[in-house]
Amino acid sequence: LIGVKPCVKTTSSQSDKSFFAQIFFEVSISPMRLVLSTAALSAMMLLGRATAFSLGRRALVSQRHNVFKTSSVATSRMEGSNQLPVAAASFSSSSSLSMSEKEAPFGTWTYDKHCEEMSWTESKDASVLSVSSDASAADDCDLVVVGIFAPAKDEKEEDSDDKDKEEPKPALTGAAADLDKSLGGALSAVMEENYKAFKHGASAGSVTPTIRIFDGSKSKKYILLGLGTEDKDVEAATLFKVGSAVASACNDEKKVKSCAVLMPSKLGSAPSTLTDISSSFYSQLYADNRYRTGDKVTVTAEDLTSVVLVPEGDVADEEATSALAAGYSISQGIYLTKDIVNAPHNVLNSISLANTARKIAEESGGLIECTILGKDECEKRGMGSFLAVGRGSETEPQFIHLAYKPKDGKINKKVGVIGKGLLFDTGGYNIKTAMMELMKFDCGGSAAVLGAARATAALAPEGVEAHFIVAACENMINGKAMVPSDVLTASNGMTIEVDNTDAEGRLTLADALVYADKEIGCEDIIELSTLTGACMVALGTGIAGVFTQNDDLANNLSDISKVTGDKSWRMPLEQEYNDQLKSKIADIKNCGTRYGGAITAGLFLENFVDKKKPFAHIDIAGPVWNDATGATGFGSKLVTEWVRRSGEKKE
């Protein structure tokens, strides 16, 4: 009845840079054929539109990069128009294409082309922080931070009826007292005005308002920094607050180029003290600008070039320099941990995470060897549990293995650290009903492990061979994705009934644990994962749960938690709860009831490690993320210190 020839014309909208295809039909109607079927015409138009969509999509997929040259002659979108919006682009280099290429601020994937690399946040140079025992180092600085301890609390005097007795007040000592004298008592006066900030019991990290003193044409700034109560031991938490407070002061006080920190004798100048201050100082300056442009970019302490720590007493220069460098190395691990958790899924996938691991090895100076197992290699090892989780994603799963060995080759212990590497978790067919926008942080375990690998390479601890392992994939939905009731076979031969596809992390960890235990032969194994909401309910968002049957390992992790600031708490592993994991058709189910979910997750993982080996599951679902600031970097310091201590000879 009618001759129809579909034609595709691709143009672009300059306003939103989306692409449209205008569909035209060249229609020739014979005078002799006047009978026209409306239904037939509609069907032909739909066929033409589908053809145009297919052609346009093929053009996009075939393009290697996601930077396009598009026509400057834009066709506006018209309401009520019967033109079909189609993802299509013209890649012609003809003169009609006048719109200039614009580089994207960061690489993403376009349709089925994945992003292959994640950029890293750069920090201040390691040379910014230094140590000097000469108080005159503060003379030429723009900002001087003076540390003060609050007086001890006298309970007897507090119970006394003598209300007129004057309370003990904080006092400036050493270089701080000399400085106050040269300023005519200005620091003491400000301390009096802000007495409550330094009253006994005040927490470390409290500061006074900035004091500005003009000396001729130059303005100098002073800040008093609370260090806690003088009758208490200085803990790592105090030192972390000191470093963070100094960094914040340098950032808040605009255009500060140099800063000096006067440290009372009680604070000391031990290497561990300097390392803790250094790591927290650099970590506080972290700002993720990878996905910001223009005036949205946040630069921390932009003009800062020098911060001098001035402790009372002599300082061994070489030892102090080494301690500050160690703190810087630890902070670089935290930076990478935050970068991985903060990265959106269209940037961070299993491929780009694997390339991140390769980069860690490349920068390790030969101390770390990187092995990446693709799907075929994982299948040869029988990793059916891990591969089942990644079936729903178009990005191939990557099994990441970084092996650290000390320079001298002397090894006291071989340890394994496994991190959960779900780059995004939709929940699978048991799809999440809430918080899905936060599920990029489901890779928090892998972030901590890779961050620790970076720090370990820089610190180069002796006596330990450390294996950092991540089974990386995405829990997505398609026709091949696993479904509830599937039965999987892990690499140790155990069969697993999938009771819930949103309990997928433990499935990936199962094969990773078998690999660390059987293939590598690790003697001690710890595993970090954002595994259960149940642990968040129990411990909140600031504390990780430690699940282990080994008392020595539990005590070691508890001590490390205190000295690193990565808070944790030992949780029970009630063996009776194993009944919840019984399956009618397989060896085990992947989850139990809603009660004791954090415990049953730990019990499930125990099935994939030799019962005689020290093993700990650390659930970091709570502390890995802060709603206000994003990734916290939790776990990197804990793992780094655990690896270092593992190399020490036990007497």
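For what it's worth, full-length UniProt numbering labels the leading residue of the sequence shown as 1, then goes sequentially. Every residue gets a Cβ at the ideal spot worked out from N, C-alpha and C, and that includes glycine. These numbers were taken from a predicted model, which means no experiment stands behind them.
Can you give me the C-alpha to C-alpha distance between residue i and residue j, rounded to a whole angstrom?
i	j	result
F468	E437	28 Å
L528	G597	16 Å
I599	F547	8 Å
V563	A236	5 Å
I211	K221	5 Å
L304	A249	11 Å
L336	A354	14 Å
V514	N478	28 Å
S188	D180	7 Å
E497	A601	14 Å
S269	A135	14 Å
A317	V131	A quick correction: the sequence has Asp, not Ala, at residue 317. Each residue's Cα considered, the two are about 8 Å apart.
M571	A538	10 Å
C378	F399	7 Å
T489	N289	43 Å
G533	G445	15 Å
G451	L387	24 Å
V604	A434	Inspection of the sequence shows that residue 604 is occupied by Phe rather than by Val. Near 25 Å, if we compare the C-alpha coordinates of A434 and F604.
K420	E312	45 Å
S219	L172	22 Å
R77	P484	At R77 the pLDDT is 28, less than 50, meaning the model places this residue with poor confidence and gives no usable figure here.
S182	I213	12 Å
L422	A343	13 Å
Throw me the rounded Cβ distance for the residue i and residue j pair, which I believe falls under 8 Å.
i	j	result
G228	A150	7 Å
P264	G147	5 Å
A631	V341	4 Å
D502	N430	4 Å
L531	D619	5 Å
G540	G622	6 Å
A114	N500	For clarity, residue 114 is His in the given sequence; the question names Ala instead. Not quite, the Cβ-Cβ distance comes to about 27 Å (not below 8 Å), so this is no contact.
H401	T371	4 Å
F441	W625	5 Å
S364	G327	With a Cβ gap of about 19 Å, S364 and G327 do not count as contacting.
Starting from the C-beta of residue i, find all residues in its chain whose C-beta is less than 6 Å away, skip the five residues before and the five after it, and write them out in chain order.
i	result
M439	F424, D425
D314	S133
S568	A544, V546, S561
K480	R391
E369	A403
L143	K221, E253, V256, C259
V389	C473, N475, E504, L507, T508
M118	A343, V347, L348, S352, T356
Looking only at its chain, what residues have a beta carbon closer than 8 Å to the beta carbon of residue i, apart from the 5 residues adjacent to it on each side?
i	result
D517	G416, I525, F608, V609, D610, K613
A204	G226, L227, G228, A237, T238, K241, V242
K410	E462, G463
E523	K413, K414, V415, K613, P614
A301	K124, A247, C250, N251, V256, L285
S385	L488, T489, A490, S491, I496, L507, T508, A510, D511
A138	V144, A175, L179, A260, L262, V308, V310
P406	L367, A460, P461, E462, G463, V464, E465, G647
E319	P271
A616	I525, I526, E527, V546, F547, T548, N550, L553, A554, L557
V299	A287, N289
Any beta-carbon of chain E closer than 7 Å to the one on residue i?
i	result
R290	No chain E is part of this structure, which consists of one protein chain only.
Apart from the five residues on each side of it in sequence, which residues of its chain come closer than 7 Å, Cβ to Cβ, to residue i?
i	result
E230	F149, A150, P151, A152, K266
A455	S329, I330, Q332, G333, S636, T640
T593	Q580
I520	G416, H467
A586	V487, T495, I496, E497
K584	none
Is residue i near the ligand SAM - that is, is its Cβ less than 6 Å away from at least one heavy atom of it?
i	result
T238	By its list of ligands, the structure shown contains no ligand whatsoever, and the ligand SAM lies outside what it can speak to.
Complete beta strand (DSSP E) runs within the segment 220–291 (minimum length 3 residues, chain order) = 258–263
Are the segment 499–508 and the segment 562–579 touching by the rule of at least three beta carbon pairs closer than 8 Å?
-> With contact defined as three or more Cβ pairs closer than 8 Å, the segment 499–508 and the segment 562–579 are not in contact.
Unbroken beta strand (DSSP E) runs of length 3 or more, entirely within the segment 352–398: which are they?
-> 368–373
Answer yes if the segment 474–489 comes into contact with the segment 388–401, meaning at least three C-beta pairs across the two stretches below 8 Å, and no otherwise.
-> In short, these stretches touch, since the Cβ pair count reaches three.
Jot down the residue ranges of each uninterrupted alpha helix (DSSP H) in the segment 484–561, minimum 4 residues, whole runs only, in chain order.
-> 505–514, 533–539
Inside the segment 553–633 only - alpha helix (DSSP H) runs reaching at least 4 residues | 597–605
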